């Protein structure tokens with residue numbers, strides 16, 4: 029059995045975890061979407077496409093990814109610039125690039141291209157990296173982050189920045205340097221607040237600090253979502269019986285706020301089970317990273333896994349009122365195609381790293 | 100030359116470093132997840148009960164339910180105002196991902212004008228989140244069917260039905276019936292002041308005019324409640340408990356829609372009004388004002404174009420001429436003044452004056468003329484009414500004085516609201532010394548008194564005031580408030596309201612009233628009577644008085660020349676009457692603006708209205724006359 033999957037370059041442990049997670053997602057979407065079977069069909073189709081993508085990417089050896097890292101990054105940045113110049117406006121933000129045949133968000137490509145690029149760059153030199161290499165790495169991270177933040181898409185730019193920084197961290201960036209950088213970023217925050225953030229972004233932060241101040245607009249999501257989670261209690265109201273979600277008090281309930289639906293219907297116990305699945309997937313990803321043959325593979329697999337964790341944390345944090353509302357879906361559970369494809373593509377690369385070992389090792 | 104040190108990469112050390120860091124990251128992730136869990140623990144376990152309560156109050160709402168508005172019937176049970184379901188296309192902008200796309204697709208599906216889209220966007224401003232906003236109102240059944248078939252393509256869009264007022268007779272009934280329209284800011288303020296806010300919570304429309312406005316409290320009913328489970332779009336998922344609303348009362352009016360149709364036909368192309376009433380109760384049979392307009396236009400919000408057309412029309416269709424038109428009553432009040440003279444013994448039935456066409460006062464260099472240039476010769480009080488002799492009344496006015504005239508006419512209701520159940524009523528003006536002082540800061544001159552005798556000077560009256568005064572005359576001083584409402588429709592037997600009475604006018608001598616009523620009979624039935632020709636062939640015996648109100652003051656030594664007077668200054672034609680003269684069943688007033696003489700223009704219309712009335716409500720045989728019978732009666736009364 030294991031051998032069969034190994035031959036297919038599928039990591040069985042990881043694969044099972046992902047399938048369990050996706051099933052939880054479908055069950056919750058069914059409830060959140062007002063028991064619309066059409067929604068389930070669409071999501072299943074997307075899952076099929078995304079899984080196919082994952083399977084294809086898993087067949088490609090890690091060395092290939094290392095070789096195309098730079099090209100992927102450069103093309104990605106070029107497309108980001110193109111989006112700013114000619115992109116389509118959807119929901120008030122420029123994120124889409126229409127290539128006539130397909131319409132997609134270049135920022136999704138960057139979610140993989142950035143860690144690939146940084147991993148490629150850092151692994152060229154000895155680990156732990158020297159300060160000047162760290163500095164170059166920072167600049168490489170900053171370029172796409174700023175371009176995406178300008179679209180504006182705060183959530184994605186945050187995820188991309190993390191994916192790059194994780195590579196530096198895993199590569200062995202010295203603790204002292206990490207401390208200095210953190211201090212520097214802390215000092216930078218007020219400057220950002222006063223000079224760089226837009227009015228509505230500030231509003232989001234203010235609302236996050238005190239959601240009751242604006243119960244009808246920005247704060248509405250947070251209040252309703254907290255009511256949903258809180259009223260779920262320990263055991264939850266039961267599947268399809270969450271009043272907050274069934275009565276449509278919750279906005280975006282089958283997409284970004286699906287965690288509130290899940291918490292309301294399955295309670296804290298259900299949430300703990302869900303977190304266990306996530307932790308299991310993250311653990312498995314990190315094990316693959318630790319067992320990988322070369323530095324590039326280790327860094328890339330580790331970074332993708334940790335970024336996946338950031339999705340989980342940011343989404344749960346914003347839905348439960350710990351973090352400001354940024355548009356980050358609950359990975360593999362939220363309804364939506366784009367993030368699904370990118371996430372599973374990432375796992376395709378991890379599986380490639382985990383299952384394709386060069387024979388002449390050590 | 101320094102030798103470049105060749106470093107050999109220590110792969111094991113590097114691998115261990117990354118593994119260590121991965122482990123640290125994993126521990127970090129676990130720590131962060133623990134923080135998430137502890138936050139969730141607080142929400143879901145520690146604060147669970149508080150959130151549970153909020154969740155419950157969140158989903159259960161008490162919604163007001165609008166009562167169905169009472170229906171309005173005419174006296175024969177013909178429905179005048181009904182409630183019809185109307186459909187409107189409503190959008191919840193928050194539930195629609197691409198609003199512009201949705202609207203443009205709806206535009207191709209149904210015919211929706213750009214103007215409506217604009218209005219929709221305007222209406223969105225300042226609305227509550229998730230509140231449905233109408234894109235198109237008054238959907239046709241076809242539209243509803245088309246949309247229903249494509250409903251699945253339009254999330255956030257729905258067709259909503261509610262009851263809306265409809266007036267099947269359109270402009271025929273407008274001025275009496277009025278209409279309802281959307282509650283506006285001013286209405287809301289009044290509702291709040293009246294403490295009716297709660298009762299109107301779910302109500303869309305309120306009476307704006309006519310009976311709909313006056314009897315709003317009867318028609319509206321009482322709000323009901325529904326305890327419901329709702330979603331945040333306020334859409335009801337299920338009803339938990341309900342207190343049904345109490346529908347408004349169905350009311351019956353004294354009006355007869357057929358008489359209104361007749362009046363509309365007879366007044367077509369003219370400006371004027373016809374009011375008919377039942378002298379025995381004060382009930383109004385007809386209250387028609389021409390030109391009129393379609394009240395249904397107002398129910399769903401009249402367009403600016405239509406409204407400004409109504410406003411700016413020189414014929415002023417928005418005015419209810421029957422209750423708001425202030426006309427000099429002219430000769431129609433001669434019987435009242437004669438009665439005053441007789442009752443207060445200023446004149447006697449037999450005394451005569453000589454009318455040579457002119458009236459002069461000692462030491463006053465002014466001539467008042469009779470409408471008949473050469474006068475009527477010897478005239479007593481009866482003949483003065485029958486031939487409408489002006490000189491007689493100039494003299495009567497002079498001898499009576501303004502104070503007595505003003506006071507007595509006030510008793511008839513002139514200068515005061517009749518109390519008809521319409522808010523659109525004017526009290527017009529019964530002039531007096533005090534009034535002139537207050538109005539113009541001028542004393543009352545004797546020259547002002549003389550024309551009061553022929554219902555001119557500053558005297559104005561509304562047609563409904565005039566008809567009320569005729570009823571008082573006919574009833575020998577008993578006074579009734581004109582009423583449009585007749586009663587309430589009940590399941591088994593309708594409840595008919597009692598007539599509303601006013602303080603009667605004290606009678607000095609019944610004979611004086613008989614003399615005046617006989618003179619009015621003479622107006623119609625004696626050959627020199629001004630309305631003799633108009634009623635010659637009628638099968639009933641009526642009494643009446645014509646009137647021709649001057650709007651244009653003819654200079655001294657000049658002759659009034661109808662051809663050379665501007666249209667809007669031409670005389671108003673008037674006629675008042677009742678029938679049968681000895682047991683009146685109906686009284687009438689007809690006013691035609693700028694139509695000329697009353698006997699030639701207004702009397703024939705009154706005749707046709709009365710003929711039709713007795714066709715609809717036939718008289719007992721003893722009151723019906725064949726032409727031969729009538730002739731012999733005429734000869735008999737001629738003596």
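Chains as they are written, first to last, in our numbering: chain H, 29 to 390; chain Z, 100 to 738. Virtual Cβ for every residue (Gly too), placed ideally from N, Cα, C. Quick caveat: nothing in here was measured; it's all calculated off a predicted structure.
Closest by C-alpha distance to residue i, when choosing among the options
| i | options | result |
| --- | --- | --- |
| residue 151 of chain H | H:342, H:325, H:353 | H:325 |
| residue 182 of chain H | H:362, H:372, H:339 | H:339 |
| residue 425 of chain Z | Z:458, Z:256, Z:125, Z:527 | Z:527 |
| residue 259 of chain Z | Z:282, Z:276, Z:232, Z:685 | Z:232 |
| residue 156 of chain Z | H:309, H:259, H:361, H:354 | H:259 |
| residue 672 of chain Z | Z:513, Z:566, Z:276, Z:370 | Z:370 |
| residue 398 of chain H | H:112, H:215, H:379, H:56 | In this structure chain H extends from 29 to 390, so residue 398 of chain H is not present and cannot be described. |
| residue 96 of chain H | H:80, H:49, H:69, H:146 | H:146 |
| residue 567 of chain Z | Z:381, Z:680, Z:665 | Z:381 |
| residue 739 of chain Z | H:172, H:190, H:163, H:169 | Shown here, chain Z extends from 100 to 738; a query on residue 739 of chain Z therefore has no answer. |
| residue 710 of chain Z | Z:725, Z:637, Z:691 | Z:637 |
| residue 338 of chain Z | Z:690, Z:633, Z:164, Z:570 | Z:164 |
| residue 508 of chain Z | Z:397, Z:129, Z:151, Z:603 | Z:603 |
| residue 474 of chain Z | Z:465, Z:492, Z:462 | Z:492 |
Span of the alpha helix (DSSP H), counted from its first residue to its last, around residue i
| i | result |
| --- | --- |
| residue 288 of chain Z | 284–292 |
| residue 403 of chain H | The question about residue 403 of chain H has no answer here: the residues shown for chain H are numbered 29 through 390. |
| residue 620 of chain Z | 609–624 |
| residue 205 of chain H | 203–219 |
| residue 161 of chain H | 159–177 |
| residue 703 of chain Z | 697–715 |
| residue 363 of chain H | First-last for residue 363 of chain H: undefined, no H or E at that position. |
| residue 361 of chain Z | 356–365 |
| residue 50 of chain H | 40–60 |
| residue 90 of chain H | 90–114 |
For residue i, the first and last residue of its enclosing beta strand (DSSP E)
| i | result |
| --- | --- |
| residue 279 of chain Z | 279–281 |
| residue 446 of chain Z | Residue 446 of chain Z -> no beta strand (DSSP E), and no H or E assigned at all. |
| residue 235 of chain Z | 232–235 |
| residue 583 of chain Z | Segment: none, residue 583 of chain Z is in no beta strand (DSSP E) and carries neither H nor E. |
| residue 260 of chain Z | 256–265 |
| residue 333 of chain H | Segment 323–347 is the alpha helix (DSSP H) holding residue 333 of chain H; no beta strand (DSSP E) there. |
| residue 469 of chain Z | Note, residue 469 of chain Z: premise wrong, no beta strand (DSSP E); not H, not E. |
| residue 724 of chain Z | Residue 724 of chain Z -> no beta strand (DSSP E), and no H or E assigned at all. |
| residue 183 of chain H | It is not in any beta strand (DSSP E) - residue 183 of chain H instead sits in the alpha helix (DSSP H) that spans 182–198. |
| residue 183 of chain Z | 178–190 |
Whole-angstrom distance between residue j and residue i, CA atom to CA atom
| i | j | result |
| --- | --- | --- |
| residue 137 of chain Z | residue 294 of chain Z | 51 Å |
| residue 198 of chain Z | residue 188 of chain H | 31 Å |
| residue 371 of chain H | residue 327 of chain Z | 42 Å |
| residue 453 of chain Z | residue 706 of chain Z | 32 Å |
| residue 255 of chain Z | residue 235 of chain H | 27 Å |
| residue 41 of chain H | residue 317 of chain H | 14 Å |
| residue 648 of chain Z | residue 558 of chain Z | 11 Å |
| residue 110 of chain Z | residue 322 of chain H | 8 Å |
| residue 357 of chain Z | residue 605 of chain Z | 37 Å |
| residue 278 of chain H | residue 169 of chain H | 35 Å |
| residue 515 of chain Z | residue 646 of chain Z | 21 Å |
Closer than 7 Å: residue i CB and nearest the ligand MN heavy atom
| i | result |
| --- | --- |
| residue 169 of chain H | Questions concerning the ligand MN fall outside what the structure shown contains, since it holds no ligand whatsoever. |
C-beta neighbour in chain B for residue i, strict 8 Å
| i | result |
| --- | --- |
| residue 154 of chain H | The chain inventory of the structure shown lacks chain B, comprising the protein chains H and Z. |
Of the residues that make up the stretch 119–131 of chain Z, which ones have a beta carbon closer than 8 Å to any beta carbon in chain H?
120, 121, 122, 124, 125, 128, 129, 131
Mind listing which residues of the stretch 567–579 of chain Z have their C-beta closer than 8 Å to chain H's C-betas, in chain order?
Within the stretch 567–579 of chain Z, contact with chain H at the beta-carbon level (separation under 8 Å) is assigned to no residue.
Which residues, taken in chain order from the stretch 319–342 of chain H, show a beta carbon closer than 7 Å to some beta carbon of chain Z?
323, 326, 327, 330, 334, 337, 341
Name the residues in the stretch 296–311 of chain H whose C-beta lies less than 9 Å from a C-beta of chain Z; which are they?
296, 299, 300, 303, 306, 307, 310, 311
Chain-ordered residues of the stretch 244–270 of chain H with a beta carbon less than 8 Å from chain Z
244, 245, 248, 252, 254, 255, 256, 257, 258, 259, 260, 261, 262
Selection of the stretch 193–205 of chain H by Cβ proximity to chain Z, strictly under 8 Å:
194, 197, 198, 199, 200
If you measure beta-carbon to beta-carbon, which residues of the stretch 265–289 of chain Z are closer than 9 Å to chain H?
Taking 9 Å as the Cβ-Cβ cut-off against chain H, none of the residues of the stretch 265–289 of chain Z qualify.
Could you tell me which whole alpha helix (DSSP H) segments of length 4 or greater appear in the stretch 410–454 of chain Z?
420–423, 433–442
Within the stretch 483–509 of chain Z, note down every full alpha helix (DSSP H) run reaching 4 residues or more, in order along the chain.
Counting whole runs of 4 or more residues, the stretch 483–509 of chain Z contains the alpha helix (DSSP H) stretches 489–499.
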